[in-house]
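What follows is one structure encoded as structure tokens, with my remarks underneath.
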Amino acid sequence: MDAQIERQSMGSSPPTHRRSRKRRLANGALAALILWAALAYLALPMFWRHEDRKEFVDRPMVTRTSADIPGDPINIGIVGSEREIVCAFNAAGWSAANPVTLETSLRIIGSVALRRPYPAAPVSPLYYDGRQEDLAFEKADGGSADRRHHIRVWRALAAGDERRAVWLGSASFDRGVGLSRYTLQVTHHIAPDIDAERDYVAVQLERVGMVESLYEIAGVGPTLAGRNGGGDRYFTDGEALVAVLAPECRERSNKAPARPGKPWQRRFKDAIWSALRGAMRSAM
């Protein structure tokens, strides 16, 4: 009889180990919630944020097409006069793009169709702050105008912190000719890794000794699946790389430009983005 009562008593309340397991699960869920909140609202935003130069704060960092469609992001800046910019790109073997006319349009069609070089082929206009690009340069990659490195540049400030003109630009790599996914117009399609082209432009100018220093500013922001004005996908860490040109187009004897060190938060963010960048390249 006593044994039966004891068994009934044991069956009427959950075992101690079961209550302990529920408590551990609840504590684990609470800890996971606290960790997520700390990462999402404290740590990770700090990794993606950095102090910006005052002349670039609150500036739009995306160009627009003639149809007012968001175009290529601003991913590069240049400090120097127009003469210094032209000199630097010429020294690096880049050509100024011809204006878009009927003649140049026919020439670029012939270049692509017949696989003939056209190193100064025109680029379609883009607009920043309501203005078409002031300068455009390109460097052919192959025997025709369908593949090329190119950059458009807009004068943004008459004088920045360096007391020299500041220009903002958009650099990308044209990998082929096709139809715009938005308007069906004939256009170049860009390679999705626009950070690679941003870095390529900087390296090109560095190699000829035309860069005095480099620093980064906040651009369009981290983007994994952006679309430009032709509907082409792109991804970027969201930074714009600013090249301060050597004054008066004087080649520097020491070709390694000065570059400020990055705080640990930025280095950590760059490590995360480097892994994402590899995955995005494989996916696209």
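As numbered in numbering that gives the first Met the number 0, residues 0 to 283 make up the sequence shown, in order. All C-beta atoms in this analysis are idealised placements derived from N, C-alpha and C, irrespective of residue type, glycine included. Predicted model only: the values in this text are computed from it and were never measured.
Nearest to residue i (by Cα), restricted to the options the options
i	options	result
residue 97	120, 85, 77, 83	120
residue 170	137, 28, 249	137
residue 174	153, 142, 247	142
residue 203	94, 260, 247, 17	94
residue 181	66, 33, 224	66
residue 144	186, 166, 154, 158	186
residue 280	140, 232, 245, 132	232
residue 278	33, 259, 224, 149	224
residue 85	177, 245, 258, 110	245
residue 153	89, 159, 28, 128	128
residue 230	178, 274, 268	178
residue 167	176, 190, 130, 189	130
residue 201	189, 149, 188	149
residue 251	87, 100, 209	209
residue 241	213, 21, 19	213
residue 156	268, 20, 76	76
residue 100	190, 123, 188	123
Residue i in three-state terms, based on DSSP
i	result
residue 126	strand
residue 18	helix
residue 203	helix
residue 169	strand
residue 95	strand
residue 160	coil
residue 247	helix
residue 180	coil
residue 239	strand
residue 137	strand
residue 175	strand
residue 271	helix
residue 281	helix
Start and end residues, alpha helix (DSSP H) containing residue i
i	result
residue 226	Not the alpha helix (DSSP H): residue 226 falls in the beta strand (DSSP E), residues 222-226.
residue 83	81-90
Nonlocal neighbours in the same chain, by C-beta distance under 8 Å from residue i, ignoring five residues either side
i	result
residue 161	78, 243
residue 80	163, 164
residue 218	60, 72, 73, 74, 235, 237, 238, 239
residue 266	none
residue 221	47, 235, 236, 237, 272
residue 276	192, 194, 234, 236
Assumed close pair residue i, residue j - CB separation to whole angstroms, cut-off 8 Å
i	j	result
residue 125	residue 151	6 Å
residue 256	residue 205	6 Å
residue 83	residue 248	5 Å
Sequence-distant residues of its chain with Cβ nearer than 6 Å to residue i (five each side left out)
i	result
residue 70	62, 63, 64, 125, 227, 228
residue 4	Low confidence applies to residue 4: its pLDDT is 47, below 50, so where it sits in the model is not reliable enough to give any reading.
residue 91	203, 204, 207
residue 147	137, 139, 140, 173
residue 274	none
residue 288	Given that the chain is displayed from residue 0 to residue 283, the structure contains no residue 288 and the question cannot be resolved.
Range covered by the beta strand (DSSP E) that runs through residue i
i	result
residue 150	147-156
residue 100	Here residue 100 belongs to no beta strand (DSSP E), and DSSP marks it neither H nor E.
residue 262	That residue, residue 262, is in no beta strand (DSSP E); it is neither H nor E in DSSP.
residue 71	69-72
residue 217	210-217
residue 235	232-235
residue 76	75-78
residue 62	61-63
Sequence-distant residues of the same chain with beta carbon closer than 7 Å to residue i, five excluded per side
i	result
residue 6	With a pLDDT of 49 at residue 6, under the threshold of 50, the modelled position of that residue is not reliable, and no figure is offered here.
residue 9	In this prediction, residue 9 has a pLDDT of 49, which is less than 50 and means its spatial position is unreliable; what the coordinates show is noted afterwards. Closer than 7 Å at Cβ, skipping near neighbours: no residue.
residue 68	181, 228
residue 133	152, 153, 154
residue 259	214
Closer than 7 Å: residue i CB and nearest the ligand FMN heavy atom
i	result
residue 201	In the structure shown, the ligand FMN is absent, as is every other ligand, since no ligand is present at all.
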